[in-house]
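Trainee: For reference, the structure I am asking about is given below.
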């Protein structure tokens, strides 16, 4: 089979963990260049999306520093119009001819646009790690073994655990930005 | 009673079905011209909003092709500010002096703006059809009898059933656009 | 302790009630000037956010008319990017050196930006009043004793009770703006 | 040559005039169905864009009332990202396989997306009429002969001439929305 | 003549100067309550809009501190849709029954919405002061005599003159935010 | 002098040329890590901004492929609120303690936020190259000597010269996206 010139891998990376890392290292052997798109880039400081796009980009870049193949690590904000999503990604990334995804909507949208999609080689149910790791962080558990060492260091430098634990406390009187996992905008009590 | 010069009918039309069709044919006898506003126009490719605005506009136009009275079929995107909603609709449509709606918020907003609202003559609980039809589509049931023949043809041409069935599968590793019915933006697992 | 030059108090004020009023009168003794930020300013006509920003600003201004210290009452719209929230507020308000809040995310965001935050002196669990008052309004209960007299007058003038009771009724056929408390955009049934 | 199933014609229609009318009537003989996209739909009340999208849609629908072939008249708002423009139009319209345009950027964008474009059969330099007609309207000249009778009637009903003449007067003290032709947002003097 | 219950005065206030001050003091004698809307609220750090909305609100509030009548000083962001402008203002302000303006487009928009507009009693060509004062600031001239003393103090405290003089220097290599007076977004050289 | 941990370099890179390349290679000797921010990321297909963000990111990554030090190449969209610009960049990038810029507004905004800014070591008036190169491209001149070989290859692969020459032709009848250099939205003739 001919190698893809350039492939796209899409994730939220909250945080970048060993599941992502294993999959990406496997994919890089199959493609010439890899675009790693950091999705939901506009969100941060919530239980579901604790880290900023910049922090996530730094995690990925550091963890993959030794990888020789060319990679692009780029923030992609969510948009509400699914019918624009493929064009939205394409204008922000170099051209690609293959997408790695297990998300059925992503698969559908790229297939309607005529772009090939490959299922991800899941390793040890890595897709469940994100929620588990954030829960461990919030509850003071041992999250460190699930992420690459470089990610550990970054999360400690930015006070990531304190951030998660602080925003988890329930809101009281004030209004304002929301830490609710289900809605980024409106978790205020009053 | 004097005929309305021009009336507004607001719906999501996911898809346009026989319930809509019966109501609209009844209304057109009462008004000179009818504006059919296709609401939530920015959404598509979700379980709750599978079809694009353009696809819905085509369904309505085709199904009502034989209707002689003047009609306008127009996309209207949702906005988050309810207090702007009436002005938002009015700038995109010809002037109207009557609104058909059973939605209590729509009624309230237009009444606060001084525009008359009439309750819709519901036919056979047609307002429940939308959810039922989409469920039938997803589960491989007999949805065809609930929509006009022209709508059947369009849904088959665009691969609408495959789209619904594909986006219904649960998301796995990737991030990106959401097929979740409750939130158009954030159904990713990780 | 040195008095703050100017402090920020953030709330949704749906509606402005005696709990807010007691806290704000207490705070004004501790600061030279007070900025009262009316959050979630873009929302109105929902069960959770029935009043417009303009209506809420009028409530606060009238209720505090006798207060001598300088105060600013300003609308602040929610934004989806938490990482921009502090800068978003600062560009719309005079400079401040203290924030009053019990919202853990607000505390976190301002602390990450290096701005001092003080817990609010809660009076009689005032932070629970908002929901309770809106419930009383919707169900025809005695809400009047929970708000300052000036707020009573305004709510009656604008037909606020009728608005809440009307938008509470369940939606039927039409699409359009949403009165759902959990989502401002998408409560339509079909 | 095989007839196009459905073609797109894009214009601002400020106002819809005899130049548009002649071209569209000619095109409808060449295609089965025609989509008339009313561009720059968000603008109105400026010297360059005096009429709302709703008013322009009414002009076109009335002027072409006698035309038998199926047509869709739809508002399309400008977006700032050219690289999204084709996808933006496609989600709001029925599928099309041909675009009529003389705009070199429009041609380029659709060609990059793999969609055929045909040059418009210009009739009597009709493309210059828009500016000329608006100038005549502003200066009290004889604009009526350049537009279909139905458009005349609509412009008179909505007070279009008074609107143009009033917004043409130079701004003085206040700020606010702009009537400047070159910038829709910022024509205030102070 | 019956006094207006509540009137609206709209300006950019870049900065608030003696021309504004004289007009507003005159108006307050004619109305019960005055809403002062700080337009173009999203802009700052440009030659035409040097001050943030928060800074302008502080200027007005301080300068009018001695004024007894109730006033509301509120930020209003520009929007690109003129047809929404009146509704946009009304949702952010208490209800008003009179607008003071000399801006012909503002007059037109409010008149189309059925709201009375009064021409401003211009004092000594005050409407020309804004540009002149900003030019004096940029060139090191004597701007202080054109603004109330409270405004002088604020501009000095925030380093307003240094800001204007620094952003006036021509851009060189980099891209980024724009200081161009005619366009807030795109003044970069390369 | 201590090395910066991480520095930011901001440009539009339309296209990435030898002037940028020389400056960036010089800067990388002074810092540990460099963030290259591709500004005005939302624009493309205009005379002033011909290339998409993705195309520009590919140019920079390829041209600097041999550079050993860690670099981040990230798209940054312009926003209209200058007072949010620094926070907007910071949420999308890893933390930095130094900015390289000659743009006086950029300098001002970062200095108001307490971040150090260094003037760029201009090489051979490189800041003028962007306009000159785009003019050469449009007119069929010898632009190739002004950009790194990798950029040449990319521009040829994407048909960049044809794009520029095609969008340069004057618009005629249609409305739609704009190729005007001064305004990205509104260059249509009618």
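Chains as they are written, first to last, in our numbering: chain V, 1 to 190; chain U, 1001 to 1190; chain Z, 2001 to 2190; chain A, 3001 to 3190; chain X, 4001 to 4190; chain B, 5001 to 5190. Every residue gets a Cβ at the ideal spot worked out from N, C-alpha and C, and that includes glycine. Quantities reported herein were computed from a predicted structural model and do not represent experimental measurements.
Could you give the residue range of the alpha helix (DSSP H) that holds residue 2156 of chain Z?
Mentor: Segment 2149–2157, the alpha helix (DSSP H) holding residue 2156 of chain Z.
Trainee: How would you label residue 3026 of chain A, buried or exposed, when you count the other beta carbons within 10 angstroms and need 16 or more for buried?
Mentor: With fewer than 16 Cβ atoms within 10 Å of its Cβ, residue 3026 of chain A is classed as exposed.
Trainee: Just to confirm, is the Cβ distance from residue 5018 of chain B to residue 5148 of chain B under 8 Å?
Mentor: Yes, these two residues count as a Cβ contact at 8 Å.
Trainee: Touch check for the segment 2033–2047 of chain Z and the segment 1080–1096 of chain U: three-plus C-beta pairs under 8 Å?
Mentor: Judged by Cβ distances under 8 Å, the segment 2033–2047 of chain Z makes contact with the segment 1080–1096 of chain U, as three or more pairs qualify.
Trainee: Starting from the Cα of residue 5114 of chain B, find the closest Cα among B/5097, B/5020, B/5130 and B/5102 and give me that residue.
Mentor: Ranking the options by Cα distance to residue 5114 of chain B, first place goes to B/5097.
Trainee: Which chain B residues are close to residue 2084 of chain Z, counting only those with a beta carbon under 7 Å from its beta carbon?
Mentor: Simply 5084, 5087, 5088 and 5091.
Trainee: Reducing DSSP to helix, strand and coil, say where residue 5009 of chain B ends up.
Mentor: Residue 5009 of chain B falls in the strand class under three-state DSSP.
Trainee: 8 Å is my cut-off, CB to CB: does residue 5109 of chain B come that close to chain X?
Mentor: For residue 5109 of chain B, the answer is yes, since a Cβ of chain X falls inside 8 Å of its Cβ.
Trainee: For residue 4084 of chain X, does the three-state DSSP call read helix, strand or coil?
Mentor: Residue 4084 of chain X falls in the helix class under three-state DSSP.
Trainee: When the Cα atoms are used, what is the spatial distance from residue 5056 of chain B to residue 93 of chain V?
Mentor: Distance between the alpha carbons of residue 5056 of chain B and residue 93 of chain V is about 9 Å.
Trainee: Can you give me, in chain order, the residues of the segment 41–54 of chain V that have a beta carbon less than 8 Å from any beta carbon in chain Z?
Mentor: Of all residues in the segment 41–54 of chain V, 42, 43, 44, 45, 46 and 52 have a Cβ within less than 8 Å of some Cβ in chain Z.
Trainee: Alpha carbon to alpha carbon, how far is residue 4072 of chain X from residue 104 of chain V? Give it in angstroms, no decimals.
Mentor: Going by the C-alpha atoms only, they are around 51 Å apart.
Trainee: Let me check one thing: in DSSP terms, what residues is residue 5261 of chain B bridge-paired to?
Mentor: In this structure chain B extends from 5001 to 5190, so residue 5261 of chain B is not present and cannot be described.
Trainee: Taking the alpha carbon of residue 5158 of chain B as the point to measure from, which residue in B/5107, B/5052 and B/5143 has its own alpha carbon closest?
Mentor: Residue 5158 of chain B has its Cα closest to that of B/5052, out of B/5107, B/5052 and B/5143.
Trainee: May I ask which residues mark the beginning and end of the beta strand (DSSP E) holding residue 5103 of chain B?
Mentor: Where residue 5103 of chain B is concerned, there is no enclosing beta strand (DSSP E), given that its DSSP letter is neither H nor E.
Trainee: Interface residues of chain V around residue 3081 of chain A at Cβ under 7 Å?
Mentor: Simply 91.
Trainee: Here's the rule: buried if 16 or more other CB atoms are within 10 angstroms of the residue's CB, otherwise exposed. What is residue 3032 of chain A?
Mentor: So residue 3032 of chain A counts as exposed.
Trainee: In three-state DSSP terms, what is residue 3146 of chain A?
Mentor: DSSP places residue 3146 of chain A in helix when its eight states are reduced to three.
Trainee: Out of curiosity, what's the CA-to-CA distance linking residue 1116 of chain U and residue 2166 of chain Z?
Mentor: About 16 Å.
Trainee: Extract the residue ranges of the beta strand (DSSP E) inside the segment 3013–3094 of chain A, only unbroken runs of 3 or more that lie entirely within it.
Mentor: The qualifying runs are 3031–3038 and 3070–3075.
Trainee: Taking C-beta pairs closer than 7 Å, name the residues in chain B that residue 72 of chain V reaches, listed in chain order.
Mentor: What residue 72 of chain V touches in chain B: 5057 and 5061.
Trainee: At the level of alpha carbons, what is the spacing between residue 8 of chain V and residue 5060 of chain B?
Mentor: Whole-angstrom Cα-Cα distance: 19 Å.
Trainee: Locate the alpha helix (DSSP H) running through residue 1128 of chain U, then write down its first and last residues.
Mentor: Taken as a continuous stretch (DSSP letters only), residue 1128 of chain U belongs to no alpha helix (DSSP H), as it is neither H nor E.
Trainee: Tell me whether residue 1081 of chain U is buried or exposed, calling it buried when 16 or more other Cβ atoms sit within 10 Å of its Cβ.
Mentor: So residue 1081 of chain U ends up on the buried side.
Trainee: Are there 16 or more other CB atoms within 10 angstroms of the CB of residue 4074 of chain X, so buried, or fewer, so exposed?
Mentor: Buried, since its Cβ has 16 or more Cβ neighbours within 10 Å.
Trainee: So, at 7 Å on beta carbons, what are the nonlocal neighbours of residue 4095 of chain X in its own chain, with the 5 sequence-adjacent residues on each side left out?
Mentor: Closer than 7 Å at Cβ, skipping near neighbours: 4006.
Trainee: Consider the Cβ of residue 4104 of chain X: report whether some Cβ of chain A lies at a distance smaller than 8 Å.
Mentor: Answer yes: the Cβ-Cβ gap between residue 4104 of chain X and chain A drops below 8 Å somewhere.
Trainee: Can you tell me the Cα-Cα spacing of residue 2012 of chain Z and residue 1137 of chain U, whole angstroms?
Mentor: Their backbone Cα atoms lie some 42 Å apart in a straight line.
Trainee: Looking only at C-alpha atoms, which of Z/2077, Z/2112 and Z/2128 sits nearest to residue 2037 of chain Z?
Mentor: Of the listed residues, the one whose Cα sits closest to residue 2037 of chain Z is Z/2077.
Trainee: Would you kindly work out how many angstroms separate the C-alpha atoms of residue 3129 of chain A and residue 5016 of chain B, rounded to a whole number?
Mentor: Whole-angstrom Cα-Cα distance: 41 Å.
Trainee: Which residue or residues does DSSP assign as beta-bridge partners of residue 1118 of chain U?
Mentor: Its beta-bridge partners are U/1100.
Trainee: Can you tell me whether DSSP reads residue 5141 of chain B as helix, strand or coil?
Mentor: Three-state result, residue 5141 of chain B: coil.
Trainee: Between the beta-carbon of residue 4030 of chain X and the beta-carbon of residue 4004 of chain X, is there less than 8 Å?
Mentor: Yes, Cβ-Cβ distance for residue 4030 of chain X and residue 4004 of chain X is below 8 Å.
Trainee: What separation, rounded to the nearest whole angstrom, lies between the Cα atoms of residue 3146 of chain A and residue 3067 of chain A?
Mentor: Cα-Cα distance, rounded: 20 Å.
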